[in-house]
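Trainee:
Protein chains in written order, with this note's numbering: chain A, 2 to 265; chain B, 154 to 470.
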């Protein structure tokens with residue numbers, strides 16, 4: 002089974018993140034980048050599915066697919082250390098500033114070339130938080146979208162998941178090839194072992210440019226984006242509120258505040 | 154007048170509040186047409202009319218219940234073309250955003266998600282988004298195709314304004330394929346409002362000390378007719394179910410009132426609640442960062458403050 006996990010490198014959510022003044026794109030240089038936390042669940046799920054396939058006597062391979070600047074190689078290295086077999090890194094200055102629509106176009110072009118039985122995405126990235134990539138890839142590749150999974154079962158070419166909904170879950174099934182996305186807590190992502198870290202150094206990472214992937218440079222990057230940032234500002238700090246120490250009347254004080262604001 | 158498509162979110166004939174918000178918002182840009190998939194449109198017509206829907210396109214085929222996301226996107230693409238719609242509005246729920254994404258690919262149009270406001274501009278609608286955990290405010294626009302915008306629930310207040318809400322049957326031209334729904338399970342939530350839609354959210358954190366201690370959060374929420382939220386520390390520890398997590402990797406809420414009880418307010422939590430209109434915090438640590446956001450805060454033991462608050466609320470009812 003050919004499993005491809007889409008991974009994005011994002012700025013550390015614990016750091017102060019900013020947009021660049023010049024073009025409103027993400028300032029990736031000023032903060033540490035790491036694997037989008039929610040993609041770690043996708044990697045882990047891919048590894049577990051591959052392990053189950055191998056245990057049943059089938060072939061399975063996990064490929065990491067990343068689009069991003071040179072620094073994104075760090076995230077690829079980590080995914081390989083966790084146990085993925087190989088990686089494809091789309092690296093081209095022309096990709097900078099791509100929006101979700103053109104990113105999905107690029108990834109789909111590459112996926113169509115590499116082939117896949119199962120594509121796995123995290124539910125969203127912690128920077129843009131759009132949560133659209135699995136849906137966009139399914140639409141572009143014309144394969145079933147089996148997304149927002151909190152549980153995945155594969156049986157031959159059938160796939161069954163629990164899709165989380167606003168008020169519970171759906172059981173959804175389809176056949177492979179398919180695109181899935183997984184939600185946080187579907188599994189417990191493993192830490193790379195020392196052996197894994199050493200092994201990752203020898204694993205193949207294929208770097209692809211736009212030309213390698215046969216992608217029209219006009220369709221991607223800032224110029225190809227269907228959306229644009231008009232302006233951006235730092236949110237002014239909230240006005241300082243009233244903080245009181247509980248002197249045995251803290252509950253009454255909260256109630257008075259609630260009543261003054263007509264919440265009770 | 155230009156037509157604006159609003160994809161309705163509903164449970165049977167019960168229209169979700171976010172849909173009324175979207176109809177209200179659509180009136181800034183043209184004539185709102187609600188797109189209703191599945192059953193319940195006849196019963197919900199009056200409600201759509203009350204908020205100013207000019208039309209309700211009803212697609213009641215079973216396919217909308219049997220398949221997720223793809224049929225709704227296909228129907229919207231069809232209607233955008235047939236009606237020359239100038240804007241598509243969806244709820245910024247996980248499912249709404251997925252439909253928006255597929256639609257964007259289908260009609261090669263720009264998509265903006267999690268907008269907290271949308272205003273007319275010289276070059277089309279301008280969306281306000283609150284990103285990086287609310288630290289940065291961004292205005293963005295779509296520059297190719299028909300703008301598709303997924304609005305965060307509670308972004309605008311629903312305001313009644315009569316409309317005709319004329320029902321018109323439509324059907325999907327293409328056949329549905331893809332992932333089939335075999336079962337739906339609705340979680341026990343009792344009478345509590347939906348977390349992302351609620352006007353009031355009461356969240357509990359590590360300070361509740363455990364699943365048993367967390368019950369006081371539920372009691373307080375119920376006394377205010379509020380939804381219950383939890384910090385990641387709580388859901389990671391298994392004190393409360395994961396789907397109620399508010400924060401960077403959980404739900405983003407922007408209610409009228411957010412009460413953070415026993416929550417220190419780490420950046421990961423603030424990312425999910427920073428745009429709340431009014432924030433109240435109760436925490437025993439005076440240095441807790443949540444107090445920097447709070448309009449009103451009490452430094453004290455939540456197990457003393459909350460029971461007294463419950464008593465006061467009871468007296469005032």
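In this text, a Cβ means the ideal position worked out from N, Cα and C, and glycines have one as well.
1. Check whether chain A comes within 9 Å of residue 283 of chain B, counting only Cβ atoms and requiring the distance to be less than that.
2. Residues of the region 226–259 of chain A in Cβ contact with chain B at a cutoff of 7 Å, in chain order, please.
3. To the nearest whole angstrom, what separates the beta carbons of residue 382 of chain B and residue 397 of chain B, a pair I think is in contact under 8 Å?
4. Using three-state DSSP, classify residue 416 of chain B as helix, strand or coil.
5. Return the CA-CA distance between residue 185 of chain B and residue 244 of chain A, expressed in angstroms with no decimal places.
6. Can you pull the chain B residues whose beta carbon is under 7 Å from the beta carbon of residue 170 of chain A, in chain order?
7. Pull out every residue of the region 271–295 of chain B whose Cβ sits closer than 8 Å to any Cβ of chain A, in chain order.
8. Where does residue 204 of chain B sit, in a helix, a strand or coil, going by DSSP?
9. Residue 280 of chain B and residue 265 of chain B: beta carbons closer than 9 Å?
10. Short of 6 Å in beta carbon distance, which residues of its chain neighbour residue 230 of chain A, apart from the five on each side in sequence? Order them along the chain.
11. Spell out a yes or no on whether the region 246–256 of chain B and the region 221–230 of chain B are touching, meaning 3 or more CB-CB pairs, one atom from each, closer than 8 Å.
12. Between residue 157 of chain B and chain A, is any beta-carbon pair separated by less than 9 Å?
13. Please list, in chain order, all residues of the same chain as residue 326 of chain B whose beta carbon is under 7 Å from its beta carbon, the five residues on each side excluded.
14. Which whole-angstrom value describes the C-beta separation of residue 85 of chain A and residue 44 of chain A, a residue pair presumed to lie in contact below a C-beta threshold of 8 Å?
15. Quick check: what's the CA-CA separation for residue 131 of chain A versus residue 250 of chain B?
16. Kindly indicate which residue of B:431, B:157, B:340 and B:211 has the alpha-carbon position closest to the one of residue 320 of chain B.
17. Which residues does DSSP list as the beta-bridge partners of residue 281 of chain B?
18. If the cut is a Cβ gap below 8 Å, which residues of chain B does residue 101 of chain A touch?
19. Tell me whether residue 99 of chain A is buried or exposed, calling it buried when 16 or more other Cβ atoms sit within 10 Å of its Cβ.
20. Whole angstroms are fine: how far does the CA of residue 286 of chain B sit from the CA of residue 170 of chain B?
21. If you measure from the beta carbon of residue 25 of chain A to each beta carbon in chain B, is any gap under 9 Å?
22. Can you tell me whether residue 83 of chain A is buried or exposed? The criterion is at least 16 other CB atoms within 10 Å of its CB, across all chains shown.
23. Between residue 1 of chain A and residue 127 of chain A, which are expected to be in contact by the criterion C-beta below 8 Å, what is the C-beta distance as a whole number of angstroms?
24. DSSP state of residue 205 of chain A, grouped into three classes?
25. So, with DSSP's three-state summary, where would you put residue 45 of chain A?
26. Just checking, does the region 171–178 of chain B make contact with the region 154–163 of chain B on the three C-beta pairs under 8 Å criterion?
27. Using a Cβ-Cβ distance cut-off of 9 Å, determine whether residue 139 of chain A contacts chain B.
28. How big is the Cα-Cα spacing for residue 97 of chain A and residue 74 of chain A?
29. Is there contact here, the region 238–252 of chain A with the region 446–460 of chain B, by at least three beta-carbon pairs under 8 Å?
30. Can you check whether the C-beta of residue 29 of chain A is within less than 9 Å of a C-beta belonging to chain B?
31. Could you check which residue in A:143, A:184 and A:114 has the C-alpha nearest to that of residue 122 of chain A?
32. Residue 12 of chain A lies in the beta strand (DSSP E); which residues open and close that run?
33. Is the Cβ of residue 130 of chain A closer than 9 Å to any Cβ of chain B?
34. Cα separation between residue 147 of chain A and residue 404 of chain B?
35. Between the region 312–334 of chain B and chain A, which residues of the former have a C-beta closer than 7 Å to a C-beta of the latter?
36. List in chain order: all unbroken alpha helix (DSSP H) runs of 4+ residues lying wholly within the region 29–77 of chain A.
Mentor: According to the structure shown:
1. Counting from one through the second chain, the residue named residue 283 of chain B turns up at place 130. It does; some Cβ of chain A falls within 9 Å.
2. 227, 228, 229, 230, 231, 232, 233, 234, 235, 236, 239, 242, 243, 244, 245, 246, 247, 251, 252, 253, 254, 255, 256 and 258
3. Taking the first residue of the second chain as position 1, residue 382 of chain B is located at position 229. Taking the first residue of the second chain as position 1, residue 397 of chain B is located at position 244. That pair is a contact at about 6 Å.
4. Here the question's residue 416 of chain B lines up with position 263 in the second chain. Reduced to three states, the DSSP call for residue 416 of chain B is coil.
5. Within the second chain, numbered from 1, the residue matching residue 185 of chain B stands at position 32. Within the first chain, numbered from 1, the residue matching residue 244 of chain A stands at position 243. In a straight line, the C-alpha of residue 185 of chain B is about 44 Å away from that of residue 244 of chain A.
6. Position 169 of the first chain, counted from the start, is the residue given in the question as residue 170 of chain A. Ordered by position in chain B, the residues that pass the 7 Å Cβ test against residue 170 of chain A are 338.
7. 274, 279, 283, 284, 285, 286, 287, 288, 289, 290, 291, 292, 293, 294 and 295
8. Translated into the one-based positions of the second chain, residue 204 of chain B becomes position 51. Reduced to three states, the DSSP call for residue 204 of chain B is coil.
9. In the second chain, counting from the first residue as 1, residue 280 of chain B sits at position 127. In the second chain, counting from the first residue as 1, residue 265 of chain B sits at position 112. Cβ distance < 9 Å, so residue 280 of chain B and residue 265 of chain B count as in contact.
10. Translated into positions along the first chain, residue 230 of chain A becomes position 229. Cβ neighbours of residue 230 of chain A beyond the five flanking positions: 25.
11. yes
12. The sequence position of residue 157 of chain B within the second chain is 4, counting from 1. No, no contact with chain A.
13. The count along the second chain starts at 1 and reaches residue 326 of chain B at position 173. 231, listed in sequence order.
14. Along the first chain, read from residue 1 onward, the residue named residue 85 of chain A stands at position 84. Along the first chain, read from residue 1 onward, the residue named residue 44 of chain A stands at position 43. Confirmed, Cβ separation roughly 6 Å.
15. By 1-based counting over the first chain, the position of residue 131 of chain A is 130. By 1-based counting over the second chain, the position of residue 250 of chain B is 97. Distance between the alpha carbons of residue 131 of chain A and residue 250 of chain B: 7 Å.
16. Here the question's residue 320 of chain B lines up with position 167 in the second chain. Taking only the C-alpha atoms, the option nearest residue 320 of chain B is B:211.
17. Position 128 of the second chain holds residue 281 of chain B. Looking at the DSSP assignment, residue 281 of chain B forms a beta bridge with B:270 and B:292.
18. Position 100 of the first chain, counted from the first residue, corresponds to residue 101 of chain A. Neighbours of residue 101 of chain A on chain B, chain order: 254, 257 and 264.
19. Counting from 1 along the first chain, the entry for residue 99 of chain A is found at position 98. Classification of residue 99 of chain A: buried, given that the 10 Å Cβ count is 16 or more.
20. Taking the second chain and counting its residues from 1, the one referred to as residue 170 of chain B is at position 17. Taking the second chain and counting its residues from 1, the one referred to as residue 286 of chain B is at position 133. So the alpha carbons of these two residues sit roughly 24 Å apart.
21. As a working note, residue 25 of chain A is residue 24 in the first chain. Yes, residue 25 of chain A counts as interfacial toward chain B.
22. Numbered from 1 along the first chain, position 82 holds the residue referred to as residue 83 of chain A. When all chains shown are included, residue 83 of chain A counts as buried.
23. This structure cannot settle anything about residue 1 of chain A, because the visible part of chain A is limited to 2 through 265.
24. Here residue 205 of chain A refers to the residue found at position 204 of the first chain. Coil at residue 205 of chain A, not helix or strand.
25. To locate residue 45 of chain A, count along the first chain from 1; it is residue 44. Three-state DSSP puts residue 45 of chain A in a helix.
26. yes
27. Position 138 of the first chain, counted from the first residue, corresponds to residue 139 of chain A. Output row for residue 139 of chain A: interface = yes.
28. On the first chain, position 96 is the one that residue 97 of chain A refers to. On the first chain, position 73 is the one that residue 74 of chain A refers to. Straight-line Cα distance between these residues: approximately 16 Å.
29. yes
30. Counted from its first residue, the first chain places residue 29 of chain A at position 28. It does not: the Cβ of residue 29 of chain A has no partner Cβ on chain B nearer than 9 Å.
31. Counted from its first residue, the first chain places residue 122 of chain A at position 121. Of the listed residues, the one whose Cα sits closest to residue 122 of chain A is A:184.
32. Counting from 1 along the first chain, the entry for residue 12 of chain A is found at position 11. Segment 10–12, the beta strand (DSSP E) holding residue 12 of chain A.
33. Working through the first chain from its first residue, we reach residue 130 of chain A at position 129. So yes, residue 130 of chain A belongs to the interface.
34. Within the first chain, the letter at position 146 stands for residue 147 of chain A. Within the second chain, the letter at position 251 stands for residue 404 of chain B. Computed Cα separation, rounded: 21 Å.
35. 331, 332, 333 and 334
36. 38–56
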